Amino acid sequence: DTFRRKAQMLLLTLPSAGTLMPSSWTIKRVKLLAKNPVAFGGFADIYKGSYNGCTVALKCLRLNTYFTSEDHEKIRSKFRREALLWKDLKHPHILPFLGIDIETFPTSYACLVAPWMSRGTILTYLQDNEPPTTEVDRLIFETAQGLVYLHSRDVVHGDLHSPDLQSNILLDENLHIRLADFGLAKIANNANFSTSSNNGGVYRYMAPELVAPLLLVALTEEDKVNSHKSPASDVFAFGMIGWQVRCDYLSINGSLLY
Numbered sequence: 001d002t003f004r005r006k007a008q009m010l011l012l013t014l015p016s017a018g019t020l021m022p023s024s025w026t027i028k029r030v031k032l033l034a035k036n037p038v039a040f041g042g043f044a045d046i047y048k049g050s051y052n053g054c055t056v057a058l059k060c061l062r063l064n065t066y067f068t069s070e071d072h073e074k075i076r077s078k079f080r081r082e083a084l085l086w087k088d089l090k091h092p093h094i095l096p097f098l099g100i101d102i103e104t105f106p107t108s109y110a111c112l113v114a115p116w117m118s119r120g121t122i123l124t125y126l127q128d129n130e131p132p133t134t135e136v137d138r139l140i141f142e143t144a145q146g147l148v149y150l151h152s153r154d155v156v157h158g159d160l161h162s163p164d165l166q167s168n169i170l171l172d173e174n175l176h177i178r179l180a181d182f183g184l185a186k187i188a189n190n191a192n193f194s195t196s197s198n199n200g201g202v203y204r205y206m207a208p209e210l211v212a213p214l215l216l217v218a219l220t221e222e223d224k225v226n227s228h229k230s231p232a233s234d235v236f237a238f239g240m241i242g243w244q245v246r247c248d249y250l251s252i253n254g255s256l257l258y
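UniProt numbering applies: residue 1 is where the sequence shown begins, and numbers increase by one.
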């Protein structure tokens, strides 16, 4: 396991392999089920498809024509790093990585393929079903378990959030949590292994030490050292999500917090 992690870190930092995708990751005969994307991101669109008889989600890179060739290279490199980090994450509460599709959208560079989460996001599930409080607590606990696993692998998620439809906290068909979206993930304690810059994320879920530099607030030297995404900033985001889930649940059924 230690050897695999070292090999992974080496691959993440090889400049010459910045945009190359290993052929062993490629999967074939992915079929598109809808022409239009079901969701949009900063540099990627999400499509619904099928693979081996199962419904899947395709995260497809969007390379806008007004970007420079240098921009395209940087975006491809970050996309590859996301795939490399995600590929080795295997846990009951992490969205599985199935492979890379390069046939469906040849001009998009590549699509990352994962199982389709038919139950949607944690918030939409709570709003649509109004489960008992014990069920809400179970979902929060499973979110924590997924995060603990990431940190045990020295991976900082960096972008946990749950604003309704754009949440990256999903539910599978058995109503278990699956953490997704590793576009801003990084290897803990090493900025060179980040899949993105430090300033990405949703403000509501960002720890104060991450928000201050974005607001051009004067920072002490200690603040500068701590103003990087870390396991601690992931825990802050988790706390915000737990509070939001509980508050949204209360507004739905009017029950007491405890």
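Built from N, CA and C at the ideal position, the CB exists for glycine as well.
Model, not experiment: these values are computed from the prediction.
Sub-7 Å separation of residue i and residue j beta-carbons
i    : j    : result
D101 : V30  : yes
L98  : A114 : yes
L179 : I94  : yes
A237 : L139 : no
I46  : A57  : yes
L147 : D71  : no
Backbone secondary structure at residue i - three-state DSSP
i    : result
F40  : strand
D172 : coil
D154 : coil
Y205 : helix
D101 : strand
Y109 : coil
Chain-order list of residues whose beta-carbon lies under 7 Å from that of residue i (same chain, five-residue window excluded)
i    : result
F43  : L61, R62, I75
T26  : G99, I100, I102
P37  : D45, I46, Y47
Q145 : H93
Same chain only: Cβ atoms within 6 Å of residue i, ignoring 5 sequence neighbours per side
i    : result
S91  : It should be pointed out that residue 91 corresponds to His in this sequence rather than to Ser. If we look at H91 and ignore the five residues flanking it on each side, its Cβ neighbours are Y149.
N168 : A180, D181
S194 : In this prediction, S194 has a pLDDT of 44, which is less than 50 and means its spatial position is unreliable; what the coordinates show is noted afterwards. Once the five neighbours on either side are set aside, the close Cβ partners of S194 are K186.
Y79  : The sequence given here has Phe at residue 79, not Tyr. If we look at F79 and ignore the five residues flanking it on each side, its Cβ neighbours are L61.
W116 : T55, V56, A57
L257 : Residue confidence is low: L257 scores 40 on pLDDT, short of 50, so the model does not pin down where it sits. Its coordinate-derived value is still stated next. So no residue of the chain qualifies.
Residue burial classification, residue i (beta-carbon count within 10 angstroms, cutoff 16)
i    : result
A191 : Caution applies to A191, whose pLDDT of 47 falls short of 50 and renders its modelled position unreliable; the model cannot decide the point.
C247 : exposed
E142 : buried
G239 : exposed
Nonlocal neighbours in the same chain, by C-beta distance under 8 Å from residue i, ignoring five residues either side
i    : result
S197 : Unreliable placement is indicated for S197, whose pLDDT of 44 sits below 50; no coordinate value is reported for it.
Closest by C-alpha distance to residue i, when choosing among the options
i           : options                : result
residue 259 : K229, H228, M206       : Here the chain comprises residues numbered 1 to 258, so residue 259 is not present and cannot be evaluated.
P106        : K229, N52, I241, K28   : K28
N52         : A232, E70, L32         : L32
I177        : P37, I122, F79, V155   : I122
K229        : Q244, G242, A110, D154 : D154
G183        : W86, P22, T104, F40    : W86
N64         : V136, S50, G41, R81    : G41
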